[in-house]
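**Q**
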Ligand code: SAH
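Numbering (the working numbering), first residue to last: 1 to 211.
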């Protein structure tokens with residue numbers, strides 16, 4: 001259930017379901033998704049579903065991870081990426097193979113502690129994890145050519161958008177009851193927003209959880 005063959009079937013399904021970026025598909029075929037999920041649920045790791053990861057949070061479905069990654073990458077190598085909502089770290093691991101450096105912020109301390117160990121065990125080196133409120137961004141290491149947020153919000157603070165380079169983009173779910181994937185691109189004139197397909201994410205929350 002957790003073999004390379006099962007993983008390749010997931011990739012075939014993603015391709016059939018419209019994921020077109022072969023670089024993203026190749027990266028996802030190389031990452032063992034089952035190690036990001038509790039043992040009791042690991043046999044379901046390659047199904048196209050989101051699954052619980054403790055602390056009331058969920059790992060996004062493979063399709064969502066693939067879709068957000070291809071939207072963020074927009075067919076070019078990423079340099080400096082900020083992820084808000086590390087969760088179990090699967091999206092972080094995918095991004096680490098698509099970007100030179102990934103900074104990822106998680107507000108739930110104990111969840112981040114486990115994820116840190118998992119990503120260390122996988123020997124992923126070009127990432128930095130931070131326990132903080134991601135809505136504040138990480139201005140000290142920005143600006144970023146990509147920002148990805150894996151929890152839903154109704155509004156993105158302008159102080160976060162200012163951490164995008166000109167030509168950079170942010171990909172995130174937007175809304176409350178009804179949510180859609182959304183891209184905000186920064187250009188010389190300001191920002192443009194594109195609203196895409198309907199999705200379903202846990203909400204972004206402010207402040208941090210220590211224990
Ligand atoms: N990409 C993750 C998604 C986890 S769910 C995965 O596939 O595992 C969304 C995550 O965002 C949760 O872990 C939640 O704790 C975190 N989160 C919510 N609000 C946040 C905030 N303000 N700052 C940082 N992380 C936040």
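Yeah, the Cβ is synthetic: ideal placement off N, Cα and C, and Gly gets one too. Bear in mind the structure is a predicted one, so any value in this text is a computation, not a measurement.
1) If residue 25 sits next to residue 82, beta carbons under 8 Å apart, how far is it from one beta carbon to the other, in whole angstroms?
2) Where do the N-terminal and C-terminal ends of the alpha helix (DSSP H) with residue 70 fall, by residue?
3) Are at least three pairs of beta-carbons, each pair with one atom in the stretch 119 to 131 and one in the stretch 161 to 171, less than 8 Å apart?
4) With distances taken between CB atoms, is the gap from residue 209 to residue 109 smaller than 8 Å?
5) Could you pull the DSSP bridge partners for residue 172 from this structure?
6) Can residue 89 and residue 118 be called in contact, C-beta distance under 8 Å?
7) Closer than 7 Å to a non-hydrogen atom of the ligand SAH - does that hold for the CB of residue 179?
8) If you compare alpha carbons, which of 103, 156, 63 and 112 is closest to residue 20?
9) Less than 8 Å between C-beta atoms, sequence neighbours within five positions excluded: which residues of the same chain meet that for residue 101?
10) Out of curiosity, what's the CA-to-CA distance linking residue 16 and residue 167?
11) How would the residue list near the ligand SAH read, in chain order, if you kept each one whose beta-carbon is closer than 6 Å to any heavy atom?
12) List in chain order: all unbroken beta strand (DSSP E) runs of 3+ residues lying wholly within the stretch 85 to 148.
13) Within 10 angstroms of the Cβ of residue 48, are there 16 or more other Cβ atoms? Answer buried if so, exposed if not.
**A** The relevant details are as follows:
1) If you number the chain shown from 1, residue 25 lands on position 25. If you number the chain shown from 1, residue 82 lands on position 82. The pair is not a contact, with the Cβ atoms about 23 Å apart (cut-off 8 Å).
2) For the purposes of this step, residue 70 is taken as residue 70 along the chain shown, with counting starting at 1. Segment 62 to 73, the alpha helix (DSSP H) holding residue 70.
3) no
4) As a first step, residue 209 must be located in the chain shown, where it is residue number 209. As a first step, residue 109 must be located in the chain shown, where it is residue number 109. For residue 209 and residue 109, yes; Cβs fall inside 8 Å.
5) In the chain shown, residue 172 corresponds to position 172, counting from 1. BP columns for residue 172 point to 182.
6) The residue given as residue 89 occupies position 89 in the chain shown. The residue given as residue 118 occupies position 118 in the chain shown. Taking 8 Å as the Cβ cut-off, residue 89 and residue 118 qualify as a contacting pair.
7) As a working mapping, residue 179 is identified with position 179 in the chain shown. No, the ligand SAH has no heavy atom inside 7 Å of this Cβ.
8) By one-based count along the chain shown, residue 20 stands at place 20. When only C-alpha atoms are compared, the closest one is 63.
9) Here the question's residue 101 lines up with position 101 in the chain shown. Taken in chain order, the residues that qualify are 79, 80, 81, 126, 127 and 128.
10) Counting from one through the chain shown, the residue named residue 16 turns up at place 16. Counting from one through the chain shown, the residue named residue 167 turns up at place 167. Spanning the two alpha carbons is a distance of roughly 30 Å.
11) 53, 57, 58, 59, 60, 84, 85, 87, 88, 90, 91, 105, 106, 107, 108, 111, 133, 134, 135, 150, 151, 202, 204, 205 and 206
12) 99 to 106 and 127 to 131
13) For the purposes of this step, residue 48 is taken as the residue at position 48 of the chain shown. The residue is exposed, with fewer than 16 neighbouring Cβ atoms inside 10 Å.
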